[in-house]
Each structure stands twice: as C-alpha cells, then as structure tokens.
Ligand code: SF4
Ligand code: SF4
Ligand code: FES
C-alpha cells in the first residue's frame, strides 16, 4: 500500500509499512519524539509523537500511514500536551540538570527547551533509584531513565546481547540488567556496543567522558531537538527515503 | 515622594540557595543603574530590611529545606503581588535535593559525629537553629508561584529581559536562547 497523507496541510507520499512518523521524517516534517529512533523498531512509550489523524489522537511512531490520511501535528494544543508529558518525565525521575554530565546533550532536556517548558509544574516524586558504577567503562544512573527501551532494543537487536530489560509494573517499572547479580559489570556489555550510545538522557554514560565539551559547543547549544532529529533521519536514510521504492 | 511611590517595589531572598542566582542578578552590570530608576528594593540580601513588606514583585532563589525557609517563603507570598521562582533550586530542588533519598539523621551523623575533622562531636540542637525538613522542596510545592525563571543560574540577560518585561507590564517572554536548566 502506498499513497499520500497530509500533515498540517502539507501533502507527502508514503510507502507500504511506513508509519505517520516515517513518512513525516522522510518529508522533513518534524513530529516531536523521544522513544522513537529511526534505527529501531517503534516503541510507543513516550507519547510525545501523538498527533490527530483523521480526527483521532494516535501515536504517530506506531500508526501506519493510510491513503488520504489527514494529520494535525504542530498545534498549540498538541504541543501543550507534549510539554505536560515532558514535565511528567522530569518529576518522575531525579533530573538535576546542573549536576548531570549529559546536560546540553540530553534529548529530554532539549525537548523541554523545544516545548518551552518553564517549570516542572507537577509535584516531584524524588524516587529512590539506584546508580550502578560496577562496569569499568559505563555508568548507569536509573534516576534519569525514561524507560524508552532504546538500550533494550539496541542490546537485543543489534548487539545481540540482551543486556537490558524492563521489570515490574506501573510507577515501579524500571530498567534491569540481565546478570545474576543485576550489576552491569557482570554482563558482557562493552563500551563499543550500540546500547552504550543510544540513551537519549543521562541514564547511560561513558565513564571519564563527562564535561569534555565546553558550554556553548554542546549538541543542543548548537541546534534544537527538531534540527537534531531531522538530521538523524537523514543519517539513517541518506538517499531517497525509507524502502526506496 | 509621590514620584517614589510609583516605583515598582521588589523583594528578593535566598532560601536553600547558593547566592549564585543573586550574583547572576548583579551580572546585569551597569544596567543595575537603569533598574534602580524603575524599582526600589524591599527586603533583599542587598538591603538591610529585615522583613518583606508589601511588594509588587518577590524573587525567590533556593528550595525549601528547613522551617525558616518555609517561614520566609510564606512571608514573601503574603506580601508580594507576583512571586517569581528564580533558578533551578527554587524550581526543582536542584543539587540540594540530592539529599532527598538519604536519611536526614544519617546525614547529620556523618557531618557532625563521624567526620574526623569535627570537634565536640555533637549534633547542633539549639532552639535558635531552624529544624531541617526531611526533604528539600521546590518553592511551588509550598506556595503558589506566578513565574519561573530557569537556569543554574539563569543568565543575566534572561533576568534582565524577564524583569524589564514584568516591570513594564508585559507578559515575561524569555525565548529559546535564554531558556536553560543548567
Ligand atoms: S537507560 Fe536510557 S536508553 Fe535505556 S530505557 Fe532508560 S532512558 Fe531509555
Ligand atoms: S539555581 Fe544554581 S545558582 Fe541559583 S541558587 Fe541554586 S545552585 Fe545557586
Ligand atoms: S516517539 Fe512515539 S511514543 Fe515515543
């Protein structure tokens, strides 16, 4: 199946199997997102990518495009909802940006900037979460994990190691490490693994690499999350768009 | 006198803050002279006024970590028409809130009893001292806050833009380039 869809009045083509997100990104149209990464299967947890498609709110990263679909994306209402979602993520963890090595390079933070989040608005949870420094090269701080499962997907699908998983239910859901001790140091994870480099926040950090880039030169000092995500798409599909025909 | 009355009255304070946000306020440099044309200061660390009186704008740096912080914050809220949370501490609790998952008594023992450098080995218990709370709270979790100015500290240009907007009766607008959480 292929055809065209319309996003905020702009018409763009899609090919079989493409989601609204795929078609939008291929056409250079930005839909805010955190758990989506064009290199991986969609996940659908962050809900930032929710758009109105044919009158219903759907997650654009999982919703297949269909011929003639009319999508509403960049509206003050939807962006307000997205901001509220980012605020929820901020208060749910301990996101102390001034003391985080990922600051300036963090997509959660950049989403806050992009959506003009001035305050966390909700009450903070201050959850008592773990840090795991057992690995010689990689540091894990679950206080900053937003459960996007990008590390889970990368480790399982690309590194073929399945180092990470998600455990428990509801607000107790958390990232777990698949070793008997539960410690990262007791897995086969290597600093060269894809999973070590996909975390959009400061939850997975490479040791001894913090604060090497001066303020003003960090990723999101230079560009917005929108610019970053549109470039990320281009890196994945350098030529003529997904599936190429 | 009549002229003075028309000036906007501003109070500021630091609760569980580091005075960095106040330092960033001073970083507007010679624009301080312009500011003083437009406003007069009530209680702030820059004046000798002990209590916050009726004000147009109250600016609060730092989170709430002890009973005195809560007391001062409530006094600000009661007296200021507009209350502004300035800096990450007032907005999220920030670095001081890193203690929120450490037992308070353990903190005290570590600092006053176990640390090899302490003399006397006694946890301070004079009633003059404000009792600490078990957690550090952002100020909006204690009183209603009208505006937030993020950053640790917010850049001087953000503070200047924000204040001039507010003083001149505009909706404060700090654009993308002035918004930061770190
Ligand atoms: S550790 Fe990072 S990549 Fe993994 S689930 Fe948490 S936020 Fe996502
Ligand atoms: S926000 Fe930063 S600069 Fe302001 S009081 Fe807190 S630690 Fe200091
Ligand atoms: S990007 Fe679609 S739910 Fe996260």
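Chains as they are written, first to last, in the working numbering: chain R, 738 to 982; chain A, 126 to 307.
Heads up, the beta-carbon is just placed ideally off N, CA and C, and yes, glycines get one too.
Asked: How big is the Cα-Cα spacing for residue 712 of chain R and residue 769 of chain R?; Found: Any answer about residue 712 of chain R is impossible in this case: the structure gives chain R only from 738 up to 982.
Asked: In chain order, what residues of the same chain lie with their CB nearer than 7 Å to the CB of residue 275 of chain A, ignoring the 5 residues before and after it?; Found: 213, 216, 304, 305, 306
Asked: Label residue 299 of chain A either buried or exposed according to how many other C-beta atoms from any shown protein chain fall within 10 Å of its C-beta, with 16 as the threshold for buried.; Found: buried
Asked: Which residues, taken in chain order from the stretch 832-849 of chain R, show a beta carbon closer than 8 Å to some beta carbon of chain A?; Found: 832, 833, 834, 835, 836, 837, 840, 841, 846, 849
Asked: Quick test of your reading: residue 781 of chain R and residue 799 of chain R, contact by CB under 8 Å. State the CB separation rounded to the nearest angstrom.; Found: 5 Å
Asked: Between which two residues does the beta strand (DSSP E) carrying residue 988 of chain R extend?; Found: Because residue 988 of chain R is not part of the residues shown, which for chain R are 738 to 982, the question remains open.
Asked: Check each residue of the stretch 208-235 of chain A: if its Cβ is closer than 8 Å to any Cβ of chain R, include it; give the result in chain order.; Found: 210, 213, 216, 217, 218, 219, 220, 222, 223, 225, 226
Asked: Return the chain-ordered list of same chain residues with a C-beta closer than 8 Å to the C-beta of residue 243 of chain A, the five sequence neighbours on each side being excluded.; Found: 236, 237
Asked: Starting from residue 828 of chain R and walking both ways along the alpha helix (DSSP H), at which residues does that stretch end?; Found: 813-829
Asked: Under a three-way DSSP split, which group does residue 946 of chain R fall into?; Found: coil
Asked: Name the one or two DSSP bridge partners that residue 274 of chain A has.; Found: A:211
Asked: Taking DSSP as the reference, what is the three-state secondary structure of residue 190 of chain A?; Found: strand
Asked: Roughly how many whole angstroms lie between the Cα atoms of residue 980 of chain R and residue 266 of chain A?; Found: Because residue 980 of chain R sits at a pLDDT of 46, beneath the cut-off of 50, its placement in the model cannot be relied upon, and the following sentence gives the value as read from the coordinates. Their backbone Cα atoms lie some 50 Å apart in a straight line.
Asked: Going by the CB atoms, is the gap between residue 278 of chain A and residue 182 of chain A shorter than 9 Å?; Found: no
Asked: Taking only three categories from DSSP, how would you classify residue 127 of chain A?; Found: In this predicted model, residue 127 of chain A has a pLDDT of only 49, less than 50, meaning its place in the structure is not dependable; the value taken from the coordinates is given anyway. Looking at residue 127 of chain A - three-state DSSP - the assignment turns out to be helix.
Asked: Kindly list the residues whose CB is nearer than 6 Å to the CB of residue 179 of chain A, restricted to its own chain and excluding five residues on each side of it in sequence; keep chain order.; Found: 204
Asked: May I ask you to report which of helix, strand or coil DSSP gives residue 895 of chain R?; Found: helix
Asked: Would you call residue 177 of chain A buried or exposed, if buried means 16 or more other Cβ atoms sit within 10 Å of its Cβ?; Found: buried
Asked: Thinking C-alpha only, which one of A:195, A:200, A:283 is nearest residue 175 of chain A?; Found: A:200
Asked: So who's on the other strand from residue 139 of chain A, going by DSSP bridges?; Found: A:186
Asked: How far does the beta strand (DSSP E) with residue 744 of chain R in it reach, from first residue to last?; Found: 740-744
Asked: Sorry if obvious, but does the Cβ on residue 144 of chain A come closer than 8 Å to a heavy atom of ligand 2?; Found: yes
Asked: Please classify residue 977 of chain R: does DSSP put it in a helix, a strand, or coil?; Found: Note that residue 977 of chain R scores a pLDDT of 49, beneath 50, so its modelled location is shaky and nothing firm can be said.
Asked: Can you grab the Cα-Cα spacing for the pair residue 928 of chain R / residue 874 of chain R, in whole Å?; Found: 6 Å
Asked: Which residues of chain R have a Cβ atom closer than 8 Å to the Cβ of residue 277 of chain A, listed in chain order?; Found: 834, 835
Asked: Is the CB of residue 266 of chain A under 9 Å away from at least one CB in chain R?; Found: yes
Asked: Might you give, ordered along the chain, the residues of its own chain that have their beta carbon closer than 7 Å to the beta carbon of residue 764 of chain R, omitting 5 neighbours on each side?; Found: 749
Asked: Run through chain R and tell me which residues come within less than 9 Å of residue 304 of chain A, C-beta to C-beta.; Found: 849, 850, 853, 854, 855
Asked: Around the Cβ of residue 930 of chain R, are there at least 16 other Cβ atoms within 10 angstroms (buried) or fewer (exposed)?; Found: buried
Asked: Please list the partners that residue 717 of chain R has in chain A, where partner means a Cβ-to-Cβ separation under 8 Å.; Found: As displayed, chain R neither begins before 738 nor continues past 982, which places residue 717 of chain R out of reach and without an answer.
Asked: Taking only the alpha-carbon atoms, compute the straight-line gap between residue 294 of chain A and residue 260 of chain A and give it to the nearest angstrom.; Found: 36 Å
Asked: Please indicate yes or no: does the CB of residue 211 of chain A lie closer than 8 Å to some heavy atom of ligand 2?; Found: yes
Asked: Spell out whether any CB of chain R is found under 9 Å from the CB atom of residue 198 of chain A.; Found: no
Asked: CB-CB under 8 Å to residue 762 of chain R, same chain, minus the five flanking residues each way: which ones, in chain order?; Found: 768, 775, 966, 967, 970
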